[in-house]
Structures are given as C-alpha cells and as structure tokens.
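Notes for the one structure printed next.
Residue numbers (the working numbering), protein chains in the order written: chain G, 36 to 279; chain R, 36 to 279.
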C-alpha cells in the first residue's frame, strides 16, 4: 500500500478543531471525505497531533494509506478541488509504509501572535489575541530563554489531554516584532495540552511587569499550574512546521 | 464646531464597500451610526475616498463635525465599543474646521497582494488574490518603474467612477516579497476607478511573460483600456495610508 504524507494549511476559525466528531465541522473529517472522493477508499488520516477549535495551521502534517494509483503530483490539486477554501493541501509526497505522522514527529514549531496595539486589528482579528496594554518586549524575550532546554512543563499544562509525562524539550524560542504584532515562536519535541497558550499567557504577565522574567524558573520548578499565567485564546495560535 | 479626523482599519470582506447604501452593510453607515450613539448627533462622515466591496483598509481617513464635548482621546474606544470587530478606529485627532478628508488628500498608498504559491492560502484567502503560475518578479519590478511619474492613466481606468480627468502622478512604486506573497505598493496623488487592480492585473501579464516590461509605456500612451491586463479581484487590495 502507498503511504501519502500531506502538508496542510487551515483556517482554524471555521472548524471545531482537527479531530473527527459527529455533527461538528472538523478538519480531519473534511479531508478524509475528500480523499474518499478521489480514491473511492475509506481511509484514516493521521495527523502529527490534534489542534483545538480555532487554532490555525500553516504546516500541519498528516498521512494516509491508499491503493489508489493517482499520481503523487496530482494529489494536492485533486484534494483542493474537493475541499473548502478554508483548507489547502500545500504538498503531497510518497513516504515509506512505516512512516507515522504522530509517532515519528521529532520537532514542532508553533507561533502565538499578540496584537499589542491600543485598539487591535479588524482584518487580522481571527489570527491573533489583542492585548491593549503596552507590553515590555525586552522582558518577554528574557523570560522566553528560561523555557529553552529540557524541563518538566507540568505548570504549563491544562488538565485534560492525553500525553505521556510532562517532561518536554524546547529547542528554540524567539520573539519577532512585525509592526503592532508580537510573534512568539516555540520549537520543541512535543507540547502538552494548551502549553503554548499558557506559556504565551505567562509571557504577557512578564510583559505587563506583573512578574519578573526570572520568576519563570520558579514556576517551572513548582509544577503548579496556578503559578503560571492564563491560557490565551485559541485564535492566536498557529502550527507552523512539523519535522521528522 | 469640532472637526474630528479618524484613522480607520476595516475588513472589506464583511461589507458592500465604504459608501452608504440602503439595505446593504457598508462601513460609512456603520461608523455614522456609532458616532450618533456616542454624540447623539446625526453627522456625515467624509472619507478620503470610497473603497469598493471587498477592499480592505489599514489607514483609511475620514472626518466628521460635532458639538459633542467628548474628550478626543476617548473617541476611538467609545466608537470601537459600538462597532463590529470588522471595523476598528485606530486613532482620532482634532483638526481645523476647514480640514476635508477628500479635498485635502495629497497622497494615498495602496497595496495589492498576490499569493504566488501553487495552491494558495486558506488562512489569508480573503486578503489576497491567488495566481498559481510562477511569476517572474524581476520583470514585474522592471515594469512597475514605467508607472512612476505623471501619466495619463486612461488605459488603467474602468468605466464608471466619477473622477476629474485621467492624469495622475505615481510618486513611488515597489514590490515586496514575503514568503509566498507578492505585495505591490503604489503611492500617488490619486487613483482612477479600479486603477490599482488593473495595474496589478497588467503586472501579472508581465510576470507570466505574456508581455514585456517595456510594453507598459505603450499601453500608457495608447490610453486604451483593452491593451491593459484584467482587473484583479477586490479582496487583494488594501488602502494602506492617506497623507495630507
């Protein structure tokens, strides 16, 4: 059987998250239906991980198995023709039969976007979280460094979610400024439930000078969710890249 | 009477253009209603110019007169509280009673965005026009130079619209590349009906190597709309800045 790896971009605003659910519009179900239309086969589409309702992706990865003989270079356009415009298949490649999007994932990069202007944006409102109070970005950058490395991220995990353990490694973390927006990039070997949104919420507390950058270390060591900041809303989050 | 100048951002996708029309959602009407709610006065909001249905603005300018004593720094937040999230008042300043957003406008800057990836974007689909064929950007940059200066832009004007004459000056024109997107910026003393969208459509023909950059000069001199390219769709266009 052929194993097909897809790179997928989606507008999270339009869906109740990645995962298949009855009577709720979801990305997995939409793409599985499109695959069925072009291959005449029922298949399971395995993603690198679920994303919650409202969360976007520019580089989600998912794979499916098929006996269809459709040429690999025709797959993106064939699927895109069947899909809503809020989902785009950006690439398809044929991979070894053992390739598994979730189990083989080595690194993921997320971006959380904060609009730090006084009144927010109308055009980009569904792709960012608006924080009107001026944030101290230099302090946020300092705080971000404490997350890099292997840590127990228990304090930055929402209850729920089905992940093994709470130790994860962040390989890279950076903040980029683009006009009125603050983009927080995090690359790690895995992320706990709501971890990026809680880290971003805690960085907002640093930016507001409610806590000092050094306090991040204490929160990590405490393993106490109550010491970390609030969970920022889903619409600011985007899965940028998945590496294998 | 006080004269208040607003800077306005809006998501054009949600409206049938700037101008007030009965039974059609429009930006002017929405803001005039919000002004009435906060000042208790009926007023006319004068913009630097109309924008068509689907066209966005990051820096539209409009002014209105009022007897209300509401402090100037409270106006943006008061209006934003009344407005839909698809319109944001970004700033308000008090200006001389003679200031007129349309008559006093000296320069406008528009940006037209083309997504030049194979399959387009889901997240940004309402803020760009998708052209899947690879465009030769170097040739487009060369072509763009022919528009700079004072010219008769009759060949780049759609029928309709109520503008005086067809001679306009383009002060500055540039192309910026951002990942899979091509942003075409044009700054001029005024623009004819659909002028930016027709210029962008003609640049696409250059990018597709259907016409040579030098041919722009011939199109300008011909004053013949049929020689220029097609009008690209509204959703790729954004009014960036208005200068006085």
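The beta carbon of each residue, even a glycine, is placed where N, CA and C say it ideally should be. Predicted model, so just to flag it, every value in this text is computed and none were measured.
- Not a single C-beta of chain G is nearer than 7 Å to the C-beta of residue 147 of chain R.
- Setting aside the 5 residues that flank it on each side, residue 231 of chain R is surrounded in the same chain by 145, 147, 221 and 272, each with a C-beta closer than 7 Å to its C-beta; the list follows chain order.
- Judged by DSSP secondary structure, residue 251 of chain G falls within the alpha helix (DSSP H) whose first and last residues are 250 to 257.
- In the three-state reduction of the DSSP assignment, residue 116 of chain G falls in the helix class.
- About 19 Å separates the beta carbon of residue 49 of chain R from that of residue 156 of chain R, a gap too long to meet the 8 Å contact definition.
- With respect to the 7 Å criterion, residue 190 of chain G and residue 262 of chain G are classified as neighbours on the basis of their beta carbons.
- Among the residues of the segment 141 to 173 of chain G, those with a Cβ less than 8 Å away from any Cβ of chain R are 152, 153, 154, 155, 156, 157, 158, 160 and 162, in the order of the chain.
- Here residue 193 of chain R is exposed: its Cβ has fewer than 16 other Cβ atoms, across all protein chains shown, within 10 Å.
- Every unbroken stretch of the alpha helix (DSSP H) spanning 4 or more residues and falling wholly within the segment 50 to 117 of chain G is given here in chain order: 62 to 74 and 110 to 117.
- Not one beta carbon of chain G lies nearer than 7 Å to the beta carbon of residue 194 of chain R.
- Assignment of residue 187 of chain G by DSSP, reduced to helix, strand and coil, places it in the strand class.
- In this structure, the alpha-carbon of residue 139 of chain G lies about 21 Å from that of residue 184 of chain G.
- Under the Cβ criterion of 7 Å, residue 122 of chain G is counted among the residues facing chain R.
- Per DSSP, the continuous alpha helix (DSSP H) segment holding residue 232 of chain R begins and ends at 230 to 242.
- In the structure shown, residue 223 of chain R falls within a strand segment according to DSSP collapsed to helix, strand and coil.
- For residue 220 of chain G, there are no C-beta contacts with chain R under 9 Å, since the nearest C-beta of that chain is about 15 Å from it.
- Here the segment 76 to 89 of chain R does not lie against the segment 238 to 258 of chain G, with fewer than 3 beta-carbon pairs under 8 Å apart.
- Not a single C-beta of chain G is nearer than 7 Å to the C-beta of residue 214 of chain R.
- Between residue 95 of chain G and residue 154 of chain R, the alpha-carbon positions lie close to 15 Å from each other.
- Taking CB atoms only, residue 115 of chain R has a neighbour in chain G less than 7 Å away.
- From the listed residues R/187, R/84, R/70 and R/199, the smallest Cα separation to residue 52 of chain R is found for R/84.
- Taking 8 Å as the Cβ-Cβ cut-off, the segment 78 to 111 of chain R approaches chain G at 91, 93 and 111, given in chain order.
- In this structure, residue 205 of chain R sits near residue 182 of chain R, with a CB-CB distance shorter than 7 Å.
- By the C-beta density criterion, residue 162 of chain R is buried, having at least 16 other C-beta atoms within 10 angstroms.
- Closest by C-alpha distance to residue 200 of chain R, out of R/188, R/210 and R/142, is R/188.
- Judged by DSSP secondary structure, residue 179 of chain R falls within the alpha helix (DSSP H) whose first and last residues are 172 to 179.
- DSSP places residue 148 of chain G inside the beta strand (DSSP E), whose first and last residues are 142 to 150.
- 7 Å or more divides the Cβ of residue 114 of chain R from the Cβ of residue 82 of chain R.
- Residue contact with chain R for residue 209 of chain G: absent (no Cβ-Cβ distance below 7 Å to any residue of chain R).
- Classified as exposed, residue 36 of chain G has fewer than 16 neighbouring CB atoms from the shown chains inside 10 Å of its CB.
- In the three-state scheme derived from DSSP, where H, G and I count as helix and E and B as strand, residue 262 of chain G is classed as helix.
- Relative to residue 175 of chain R, the option among R/213, R/217 and R/100 whose CA is nearest is R/217.
- Counting only Cβ-Cβ distances below 7 Å, residue 44 of chain R has contacts in chain G at 156, 157 and 158, in chain order.
- Proximity of residue 125 of chain G to chain R, defined by a Cβ-Cβ separation below 7 Å, is satisfied.
- Pairing residue 118 of chain R with residue 168 of chain R gives a Cβ-Cβ distance that is not under 7 Å.
- As DSSP reads the structure, residue 207 of chain R sits in a beta bridge with R/222.
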